[in-house]
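Heads up: the sequence lines are chains A and B, in that order.
If you count the first sequence from 1, position 112 lands on 112 in the numbering used here, and the numbers rise without skipping.
If you count the second sequence from 1, position 71 lands on 71 in the numbering used here, and the numbers rise without skipping.
Structure first, commentary second.
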Amino acid sequence: MTTLFQVWHRLVHSFQWAKPPFSWIKKKWRGSLLLRITAITLLASGLVITVLGFSLLSKVSTGLMDTKQQSSLSEATAGHVEAQRVIETADAAPTAPSPALLVDDVVSNLASRSGSPAQFDVLLLASIPGQQLPERGTNLVSTTSISENIRKVLADTQEQSWVYGPINYIDGTSVPGLIVGAPLRIKSLGEYNLFYLFPLTQEQQTLDLVRSSVVITGILLLILLAVIARIVTRLVVNPVRQAAQTAALLTEGRLSERMPVRGDDELAQLATTFNDMAASLQQQIKQLEELSRVQQRFVADVSHELRTPLTTVRMAADLMFENRADFDPITARASELLQNQLDRFEALLNDLLEISRFDAGVAALEIESWDLADLIDRAVEFAEPLAIRTNTPVQVIRITNVNLITADQRRIYRIVRNLLENAIEHSEGRKVEISVAVSEDAAAVAVRDFGVGLRPGEASLVFNRFWRADPARARTMGGSGLGLSIALEDARLHGGWLEAWGEPGQGSCFRLSLPRIARGSFSESPLPLIPEGFIGIESSTSSGLFLDAVPQPPADAFRFGPKTGGE
Amino acid sequence: MSAEAEHVSLGKVLVVDDDAALSEMLGIVLRQEGFAPFFCRDGAKAVAAFRALKPDVVLLDVMLPGMSGIEICRIIRQESGVPIVMLTAKTDTVDVVQGLESGADDYIVKPFKPKELIARLRVRVRRVDAGSVAALAIGDLEIDVKGHKVARAGKQLSLTPLEFDLLVCLARKPEQVFSRQALLHEVWGYQHAADTRLVNVHVQRLRSKVEHDAENPVYVLTVRGIGYKAGLG
Chain A
1 MTTLFQVWHR
11 LVHSFQWAKP
21 PFSWIKKKWR
31 GSLLLRITAI
41 TLLASGLVIT
51 VLGFSLLSKV
61 STGLMDTKQQ
71 SSLSEATAGH
81 VEAQRVIETA
91 DAAPTAPSPA
101 LLVDDVVSNL
111 ASRSGSPAQF
121 DVLLLASIPG
131 QQLPERGTNL
141 VSTTSISENI
151 RKVLADTQEQ
161 SWVYGPINYI
171 DGTSVPGLIV
181 GAPLRIKSLG
191 EYNLFYLFPL
201 TQEQQTLDLV
211 RSSVVITGIL
221 LLILLAVIAR
231 IVTRLVVNPV
241 RQAAQTAALL
251 TEGRLSERMP
261 VRGDDELAQL
271 ATTFNDMAAS
281 LQQQIKQLEE
291 LSRVQQRFVA
301 DVSHELRTPL
311 TTVRMAADLM
321 FENRADFDPI
331 TARASELLQN
341 QLDRFEALLN
351 DLLEISRFDA
361 GVAALEIESW
371 DLADLIDRAV
381 EFAEPLAIRT
391 NTPVQVIRIT
401 NVNLITADQR
411 RIYRIVRNLL
421 ENAIEHSEGR
431 KVEISVAVSE
441 DAAAVAVRDF
451 GVGLRPGEAS
461 LVFNRFWRAD
471 PARARTMGGS
481 GLGLSIALED
491 ARLHGGWLEA
501 WGEPGQGSCF
511 RLSLPRIARG
521 SFSESPLPLI
531 PEGFIGIESS
541 TSSGLFLDAV
551 PQPPADAFRF
561 GPKTGGE
Chain B
1 MSAEAEHVSL
11 GKVLVVDDDA
21 ALSEMLGIVL
31 RQEGFAPFFC
41 RDGAKAVAAF
51 RALKPDVVLL
61 DVMLPGMSGI
71 EICRIIRQES
81 GVPIVMLTAK
91 TDTVDVVQGL
101 ESGADDYIVK
111 PFKPKELIAR
121 LRVRVRRVDA
131 GSVAALAIGD
141 LEIDVKGHKV
151 ARAGKQLSLT
161 PLEFDLLVCL
171 ARKPEQVFSR
181 QALLHEVWGY
191 QHAADTRLVN
201 VHVQRLRSKV
211 EHDAENPVYV
221 LTVRGIGYKA
231 GLG
């Protein structure tokens, strides 16, 4: 059953794939200026050529036919006169010739005018068919060439009339022709009609020739126009394409890419202007890079220059601190303060350097595979002295059993330690829960405390550098105020999220979500940000509850992840 | 000097640092802890000082006038397996890895606490206690624990004391997989989480000496996501 279903499914899919050739054309049409211009030129010129061709053809055929018609009619008139003359001569003769002979005489006389090869055929037919009158015709022309229509017109008008129609021959062939008829009265015999049949083979051939010439010329012209349009468009489009390509390369960071400049037309101007722009951009970027390099160098130098004396001070302070029992109480206390503040100074220096490294964009990941839960255990162990001092129970909740992830252990450890210490610091002695879960494509650590919580709007502020919930509030940790900013940068570096939730008096929750393999993609965090009890409140009333996404994404924030991690 | 000689039990330390105040402070702390410190201010003279003194451990600043600490480290390492601890003000990946790859056994980032430094030096001087076992083996790799010698198929291999300790640590429990953190604790004497690159770099160095093909190790195996273990040879 499954396989059958799969086959059906695949079939449906293949149909869906087969469907959009139209959309493919549409896409091509929209995507290519060259195609568009060529097609439009082809269409427009095709239309013009067709109209012109038709009018030319009709003019030629009209002219040709008019001439033929005039000459034919005058020939027919002349023939008619000749026939009359022959008949009259016969009538005037002393002995009346036999009707058959008379008719023969008329026809042969007329036929002799036709010349060789024959310009026309002649038919001498009785005006009313069925009478026992001799009828004659030249060559092999058939009487079927004469339609009822012209007979009728002749009977009505008794004047010369003509019609275009096929001339049939006895051997079955047929050619287009002009048939001119006129009534002819033979006194001794009765009413006749004399028909002149002018084959239009010549004219037809000429017309055919003209028509085919027009069509061929039209097609050739069309092709030529298409080619010209293509060439012209290419001439214009190619530089534009080149500009687009060069711009793309510039975007990629290949700042020394330039467009070739040929001649000094408008396109060359485009290329020159484009190159000037690129050069100016490159110059500015170079300056910025130089500035950033100088600044980085400065920071590195400052750090080195600061660290060496700090090491000496640190060692001296340690030595004094170790021996404080030998000092008088005031000096002993002073050495304690010195010791503590050196710790703080050191932490601040480290954090500042770390931040400057993020700002300079030189922070790099050291990726390996390890167990996230083990790391959390280590962080909890590390925070134990603080937890004991503040009397805070810390509970680790492992949602999943296997918690292997691929990431920068040092950075993740730093994030977790920071979140944990913050939570312990703000939990006011209530418990702190740290949960860990790893799904197929993502990993998450959520640190929940039940302390003072966050006021509305603060969830986005906590990640700001040097931000403090309450400037007046004493800090037991003496942290640098950069911890969460660094944690956020660390999370971003992995392509992950760091989010905060909190409610006054209800505590807060910080959730770190990471792709299971650093810089990979994931769509959903395996842990909720908002604790279970509060989701209900959110659906009924949103008062007091807020969820802020990670704040102020600078230039390239979330390059690897969606903008917000809200579920 | 003779008065100090009575205290000297942990060994001679060559301190190569250009900062006079720090050198003096290091001297105070080292002497207090039972080391015999000797000083060299100039990087260019460091190698000569090393050859003359034959110290038990070298404490080497990375940024030095004359010759960089990394260069000095490379030269010393070519001549001797003496423990070298780098003093660095930089925690940037490249510098640390460069230092380790030039042959340093360990590094310590300024500013550090005196206790941290002393702990690190003690481990490097005292060496890991191999216990009662006199000899170990991984396949045809024979380890003479007492004599600090390693031979593969009867041929002597030259390992630094640190590489030797690392190998012994793995070989003592061939069934056990050691995490990088565990190795840092056992071999380097770290009490807290530390830079696992130390382990990675030294495992690579060890492999380049003991393995036939460092790309396909048979003596020191990687266990993905966990750490390292001794192979079957």
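Glycine included, C-beta positions come from ideal geometry on N, C-alpha and C.
| query | result |
| --- | --- |
| Kindly confirm or deny that the region 141 to 156 of chain B and the region 102 to 109 of chain B touch, where touching means at least three C-beta pairs closer than 8 angstroms. | no |
| Using a beta-carbon distance cut-off of less than 9 angstroms, what residues from the region 29 to 51 of chain B approach chain A? | 29 and 32 |
| Could you pull the DSSP bridge partners for residue 179 (chain A) from this structure? | A:163 and A:197 |
| Using 8 angstroms for Cβ pairs, my map puts residue 435 (chain A) next to residue 486 (chain A). What's the rounded Cβ distance? | Not really, about 22 angstroms apart at Cβ, beyond 8 angstroms. |
| Take residue 17 (chain B) as the anchor and find which of B:138, B:32 and B:45 has the nearest alpha-carbon. | B:45 |
| In angstroms, rounded to a whole number, what distance separates the CA positions of residue 76 (chain B) and residue 349 (chain A)? | 33 angstroms |
| For residue 8 (chain B), which residues of its own chain have a beta-carbon under 8 angstroms away from its beta-carbon, when the five flanking residues on both sides are left out? | Only weak support is given to the placement of residue 8 (chain B): the predicted model assigns it a pLDDT of 47, under 50, and the value that follows is read from those uncertain coordinates. The answer, listed in chain order, is 34, 35 and 36. |
| For residue 153 (chain B), would you say it is in contact with chain A, using Cβ-to-Cβ distances shorter than 8 angstroms as the test? | no |
| Is the Cβ of residue 378 (chain A) closer than 8 angstroms to any Cβ of chain B? | yes |
| Hey, out of A:408, A:194, A:389 and A:370, whose CA is closest to residue 421 (chain A)'s CA? | A:389 |
| Is it true that the CB of residue 76 (chain A) sits closer than 8 angstroms to the CB of residue 182 (chain A)? | yes |
| Going straight from the alpha carbon of residue 568 (chain A) to that of residue 385 (chain A), what length do you get? | Past the boundaries of the shown model lies residue 568 (chain A); chain A is included only from 1 to 567, so the question cannot be answered. |
| Here's a check: name, in chain order, each residue in its chain whose Cβ is nearer than 8 angstroms to the Cβ of residue 209 (chain B), leaving out the five neighbours to either side. | 157, 158, 159 and 163 |
| Beta-carbon within less than 6 angstroms of residue 484 (chain A)'s beta-carbon, same chain only, minus the 5 sequence neighbours each way: which residues are those? | 462 and 463 |
| Which residues bound the beta strand (DSSP E) around residue 450 (chain A)? | Run containing residue 450 (chain A): none; DSSP gives neither H nor E here. |
| If you follow the beta strand (DSSP E) that residue 58 (chain B) is in, where does it begin and where does it stop? | 57 to 61 |
| Where does residue 115 (chain B) sit, in a helix, a strand or coil, going by DSSP? | helix |
| With DSSP as the reference, label residue 235 (chain A) as helix, strand or coil. | helix |
| Tell me the DSSP secondary structure of residue 438 (chain A) in three-state form. | strand |
| For residue 84 (chain B), list the residues DSSP reports as bridge partners. | B:58 |
| If you run the structure through DSSP and keep just helix, strand and coil, what is residue 422 (chain A)? | helix |
| Could you check the C-alpha separation between residue 230 (chain B) and residue 220 (chain B) for me, to the nearest Å? | 5 angstroms |
| CB residue 346 (chain A) to CB residue 319 (chain A), shorter than 8 angstroms? | no |
| Check the C-beta distance from residue 145 (chain A) over to residue 167 (chain A) and give it rounded, since I have them as a contact under 8 angstroms. | 5 angstroms |
| Could you pull the start and end residues of the beta strand (DSSP E) that residue 146 (chain B) belongs to? | Neither: residue 146 (chain B) is in no beta strand (DSSP E) and is coded neither H nor E. |
| Near residue 407 (chain A), what residues of its chain come up, given a Cβ to Cβ distance below 7 angstroms and the 5 sequence neighbours on each side ignored? | 367, 494, 514 and 518 |
| Since residue 73 (chain B) and residue 99 (chain B) should fall inside the 8 angstroms C-beta cutoff, what is the C-beta to C-beta distance between them, to a whole number of angstroms? | 7 angstroms |
| Measuring CA to CA, which of B:184, B:187, B:175 and B:211 is closest to residue 153 (chain B)? | B:211 |
| Taking a cut of 8 angstroms between CB atoms, which residues from the region 314 to 333 of chain A lie near chain B? | 314, 315, 316, 318 and 319 |
| Taking residue 370 (chain A) as the query, report the chain B residues whose CB atoms sit under 7 angstroms from its CB, ordered along the chain. | 225 |
| Since residue 25 (chain B) meets chain A, which of its residues come closer than 7 angstroms, beta carbon to beta carbon? | 312, 315 and 316 |
| Counting only Cβ pairs nearer than 7 angstroms, list the residues of chain B close to residue 468 (chain A). | Simply none; closest approach about 26 angstroms. |
| Go through the region 64 to 145 of chain A residue by residue and report every complete run of the beta strand (DSSP E) that reaches 3 residues or more, in order. | 121 to 126 |
| So the beta strand (DSSP E) residue 408 (chain A) belongs to, where does it begin and stop? | 404 to 408 |
| Is residue 169 (chain A) helix, strand or coil when you go by DSSP? | strand |
| How far does the alpha helix (DSSP H) with residue 165 (chain B) in it reach, from first residue to last? | 161 to 172 |
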